[in-house]
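Let me begin by presenting the structure, written as structure tokens, before commenting on it.
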Amino acid sequence: MKFDKYDIIVVGAGHAGCEAAHAAAKLGSKVLLITMNMEVMAKMSCNPAMGGVAKGQIIREIDALGGMSGIITDKTMIQFRMLNRSKGAAMWSPRAQSDRMRFSEEWRLTLERNSNVDFFQDSVTEILTENNRVTGVKTQMGLTIYSQSVIVTSGTFLNGRIHIGRKNYGGGRMGEKASTGITASLEVLGFESGRMKTGTPPRLDGRTIDYSVLEEQKGDENPGKFSFSDETKPLTHQRSCFITYTNQTVHDILREGFVDSPMFAGDIHGLGPRYCPSIEDKINRFAERSRHQIFVEPEGWNTIEVYINGFSSSLPEEIQQRALKQIKGFENAKMFRPGYAIEYDYFPPTQLKMSLETKIIDNLYFAGQINGTTGYEEAACQGLIAGINAHNKNNENEPLILNRSDAYIGVLIDDLINKGTDEPYRMFTSRAEYRILLRQDNADIRLTPIGRKIGLADESRERRLEEKLKNVESLTKELDKQNLTPEEINPILIELGTPPVEQKIKASKILLRPQLSNENLKSIESLNRIIGQLPEDDVVQTEISLKYASYIEKEKETADKIKRLENVKLNPEFDYSKITSLSSESRQKLSKIKPETLGQASRISGVSPADISVLLVYFGR
Amino acid sequence: MLNEGVIVALSTASNRAALHVIRLSGQGCFEMVDKVFVGRKISDIKSNALVYGKICSQNEDIDEVVLSVFKAPHSFTKEDVVEISCHGSPLISQKIIDIMIELGAKPALAGEFTQRAYLNGRFDLAQAEAVADLINAESEQARKIALSQLKGGVSNQIEMIREKLLEFLSLLELELDFGEEDVEFANREQLLERIDSAESYIVKLINSFGSGNAIKKGIPLVIAGKPNAGKSTLLNCLLNEERAIVSDIAGTTRDTIEESFMFNDLLFRLIDTAGIRHDAESVIEQMGIERTLQKIEKAEIVLYMVDAQHIDDSTDEIKAIEKYHDKIIWVLNKSDLLSSEKKIPENDWVRISAKKGEIESLLNRLKELCNTKYLSNDITISNTRHLSALKESLISIQKAKESLKQGLSGEIVVFELKSALEHLGSITGKITNDEVLGSIFSKFCIGK
């Protein structure tokens, strides 16, 4: 069997692989997407949900750049909630409950519509190189396929090992084979690899759950959506999730299984995420807690399968089942599949450049869990960046590198490359130093111009953005002009429990009070006439810009200052060992990470401000 | 490029010496010095020069000085530079530095002059490595030394502040990043309590600058008491004591800068001695309890003297100053003349006879007090740069508190708090995101 020479081969069709293939193909590259199983592309291996705090912001960023995760989530979601509504707007985070099967299908159909994407079902066993440059891949079927670039998005499949109790066997996901060969072939090339661990909870038969005794968690009354584009619409009806709790009896049963826990027995060596502990871990570490929350999440519009969020476990299936039956509402529950833990290979991401290309092999890119991250959103955004950069490099364009002040995506990649990670890396808003700049509502303002420039975001997005900016500008002016009389505004202020005013006050000024939002102002007829005719997003955008103005300004200032260091380019091939005035730790780290700018060097752990002064000397001022 | 504004620091060692040199560098330093310099206007000087004159602030002569004026780029840093050579007293040089800071100069970071020098192209690349070595040594060492100089008590305190702020930050981040989790979030009152406690630690440290600085500048000491108690005799005794070094700080008038003496490795500054010395009794005669209290306020240590024979005259005053007992040494003079049936207030009196020069017991007590107050682990910050870092962080902490009270959302409070941490970071080391997350995961059951 013979293949054309491709521009880019994408290995793996998960969230990273699909975004990578789509981006590169849309930009014009000829892409071959190789997956071990065409039936389960972009499969949600864990919970059927997209977004959440910090992760929702990432989806919005992917969408603003022209990636597909936002649109596909919108098209396949069954529930939408804006998390952190009670906090300030910088913290608002969209989250969707997805239809697992539809999500996968929608991704596949999206890629099928792109004539630049070819598909092949096989397992890659070797990465081919010549003179430290990638040339293609070899597959299990013994085929050799050539390409200019290769993007590896292997998820949990590299030497994956599934654990349930003392039983363990090779597998990349429950019911699917592991992928072997790639790790070894990369190690031969000089890459360092490690092991990580993650886990997933059991799935139950929804028909056997007594929902009448569970707490219902509905979607938002006025649901939003992820994509900035008009291609998708908010949901008109939604499915609910339900909440129940574990109890002491459940904990006692689970404890019986501790002797057979692969975690406690030491069968698992990889490090798991602290923020995604198994139920046995929670009971063990927080013994004083008498109960833990359990979310019952529907897996789709029509399926009866439900996902038991909060009950991730690798205890023997018999223990899992017995314990589940002691949970309120689950007395008669039947299990579809037990929870399990999985160990897999990853490659410490400090071996990458900021473009996600590897340092030692040209044109080879890694994205997703292979880089030590966890989460669909984290994977998808890396896939997007790797896809763009592989295409850009082949076309002799500069790589797309987002700064920490540009996007959560920038924070994520910068953290990975400069700090590395020992546990599966998940995004949190607290990882971003410019949290007030990096909001979900302004992802389009931040990134659509960039997406447009590289050619991924289409013209309609640009037009919509221009309209939004225009509306924000005019509404801001209008609110600055409108003087509200005490008679108009005081009833509203008093109702909200904030002191009334004695003189006329500008609408823009009264909005600064934390208790007030544009919703409150709508009850004033003159304002309603102006606000009412604008898209809600634009009104919210205006309000946020006003309320946060001084903080936004300060964060921008700080970011600009730091960007000056960012502009001092370093030579990645520089031999740091000859600067004896650097601390030895710093010499070691710099040699390993090979920073591309002084700003990047300053964020490497172990590199002190004094070391940066030294580098300033060597690399000019 | 990366450097803006005027920086100032003492460029010589800070102990007593014949001369001290204070260096200022940066655009605007000439104008700054002109504001307090009586002599030629240095911003008008054409070339590099030495200029003699006086530093004078708020109509007070501080010192006679010689300025070395270097015009950019003919200076060490290639910026405008003034070096002020003043008399080598910590008191004077600190005063001059304080004046410059008030005028807008920033205390120089360790190695900052050298850093500016090479940033401005003072050195070619061949020299760079040597300089870089130097800087590396300077800044890292300086930070470590500065930290190690903070003896036990204070570094513990700073560590405590760091922990408090870390805890506080984690509680805020918990509710921002994990608002959906089934954990108990701190309410606003609890948060306020925590930030209050961090604030009070910082305030305490800032206030300790007084005594930390006192060690550098001389500990203000007051001799108080009724007329005829024997104050002037004691004063002479202290100044003439063999182990005490009497000094008039060079070149300054006796009336503006006080008498000082060294004892137990500490420099003491006697406040308000002019009155005692020249016309002791008549001046003090007119002093009411009010004046005495004012004097005590200003002092770090008070020797309150009573004539054993006339102790009854002092009863009211003793009661009035009782609340300052922490810094008072109760001195019973002419104790050899005390009649055995005389009742004295139940203070911890040291008995001396100033006239006979028998003040050993007083000196012992002074030593004891100083040891607990200044040489114990509770020693305090004395570094101007630390002080300004603490002050900046206090401002941010107060803003954070204010935003909490106004009910602003957590990310705003964090915003202010992070800026507090930035400032503290120069003393304590920064709190990293990993630490915050680590603290959250260790205390709360996070994750579904």
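Protein chains in written order, with this note's numbering: chain A, 1 to 621; chain B, 1001 to 1448.
For every residue, glycine included, the Cβ atom is placed at its ideal position computed from N, Cα and C.
Query: Starting from D63 of chain A, follow the alpha helix (DSSP H) in both directions and report where the run begins and ends.; Result: 55–65
Query: For E962 of chain B, which residues in chain A fall below 9 Å Cβ to Cβ?; Result: No information on residue 962 of chain B is available, as it lies outside the stretch 1001 to 1448 that chain B covers here.
Query: When DSSP builds the beta bridges, which residues end up paired with L271 of chain A?; Result: A:M196
Query: From which residue to which residue does the beta strand (DSSP E) around F1444 of chain B run?; Result: First-last for F1444 of chain B: undefined, no H or E at that position.
Query: My understanding is that I279 of chain A touches R322 of chain A, with C-beta atoms under 8 Å, so please give their C-beta distance in whole angstroms.; Result: 13 Å between Cβ atoms; not a contact.
Query: Is it right to say Y1052 of chain B is buried, meaning 16 or more other beta carbons lie within 10 angstroms of its own, or is it exposed?; Result: exposed
Query: So which residues of chain A does N1433 of chain B contact, with C-beta pairs closer than 9 Å?; Result: D415, F428, S430, R431, A432, E433
Query: Measuring only between beta-carbons, confirm whether N518 of chain A sits less than 7 Å from chain E.; Result: Given the protein chain composition of this structure (A and B), no chain E is represented.
Query: Is A601 of chain A close to chain B? Criterion is C-beta to C-beta, closer than 7 Å.; Result: no
Query: What distance in whole Å lies between the Cβ atoms of G368 of chain A and Q351 of chain A, which are believed to be in contact at a cut-off of 8 Å?; Result: Actually they do not touch by this definition, with Cβ atoms about 15 Å apart.
Query: Okay, do the stretch 218–230 of chain A and the stretch 76–92 of chain A touch, 3+ Cβ pairs below 8 Å being the bar?; Result: yes
Query: Buried or exposed: where does I342 of chain A fall if 16 or more other Cβ atoms within 10 Å of its Cβ makes it buried?; Result: buried
Query: Using beta carbons (cut-off 7 Å, strictly below), is F1441 of chain B in contact with chain A?; Result: yes
Query: Once you ignore the five residues that flank T183 of chain A on each side, which residues in its own chain have a CB closer than 6 Å to its CB?; Result: L158, N159, S193, D345
Query: So which residues on chain B does I436 of chain A lean against when the C-beta distance must stay under 7 Å?; Result: E1411, F1415
Query: Any chance the stretch 198–206 of chain A sits against the stretch 303–313 of chain A, with 3 or more Cβ pairs inside 8 Å?; Result: yes
Query: Applying the 10 Å Cβ sphere with the 16-neighbour rule, what's the burial state of E1416 of chain B?; Result: buried
Query: Going straight from the alpha carbon of K353 of chain A to that of K359 of chain A, what length do you get?; Result: 6 Å
Query: Between A549 of chain A and chain B, is any beta-carbon pair separated by less than 7 Å?; Result: no
Query: Could you please give me the residues that DSSP links to Y627 of chain A through a beta bridge?; Result: Residue 627 of chain A is absent from the structure shown; chain A starts at 1 and stops at 621.
Query: Is it true that the stretch 382–402 of chain A meets the stretch 328–343 of chain A, where meeting means three or more beta-carbon pairs spaced less than 8 Å apart?; Result: no
Query: Using DSSP with H/G/I as helix, E/B as strand and the rest coil, what is C1086 of chain B?; Result: strand
Query: Distance cutoff 7 Å, beta carbons only. Does P399 of chain A sit that close to anything in chain B?; Result: no
Query: How about D441 of chain A and I544 of chain A: are their beta carbons less than 7 Å apart?; Result: yes
Query: Can you list, in chain order, the residues of its chain whose CB lies under 8 Å from that of N84 of chain A, leaving out five sequence neighbours each side?; Result: V53, M91, W92, S93
Query: In three-state DSSP terms, what is D444 of chain A?; Result: helix
Query: Have a look at K1367 of chain B and V1081 of chain B and give me their C-alpha separation to the nearest angstrom.; Result: 43 Å
Query: With respect to the beta strand (DSSP E) encompassing D415 of chain A, which residues constitute its N-terminal and C-terminal limits?; Result: Run containing D415 of chain A: none in the beta strand (DSSP E); it sits in the alpha helix (DSSP H), 408–419.
Query: Check for me: the alpha helix (DSSP H) holding R161 of chain A runs from which residue to which?; Result: No alpha helix (DSSP H) holds R161 of chain A; the beta strand (DSSP E) holding it covers 161–164.
Query: Relative to the C-alpha of E566 of chain A, which residue among A:D4, A:E573, A:S602, A:L590 is closest?; Result: A:S602
Query: Kindly list, in the order they appear in chain A, the residues whose Cβ is closer than 8 Å to that of C1445 of chain B.; Result: P277, K282, R285, F286, R289, H292
Query: Note down, in chain order, every chain A residue with its Cβ under 8 Å from the Cβ of L1176 of chain B.; Result: V53, N84, K87, M91, T429, S430
Query: Under 9 Å between beta-carbons, which chain A residues line up against G1407 of chain B? List them in chain order, please.; Result: P514, Q515
Query: On the CB-based measure, 16 or more other CB atoms within 10 Å of its CB, does D1196 of chain B come out buried or exposed?; Result: exposed
Query: Which bits of chain A does L1437 of chain B rub up against, with CB to CB less than 7 Å?; Result: F428, S430
Query: State buried or exposed for N363 of chain A, treating a residue as buried only when at least 16 other CB atoms are found within 10 Å of its CB.; Result: buried
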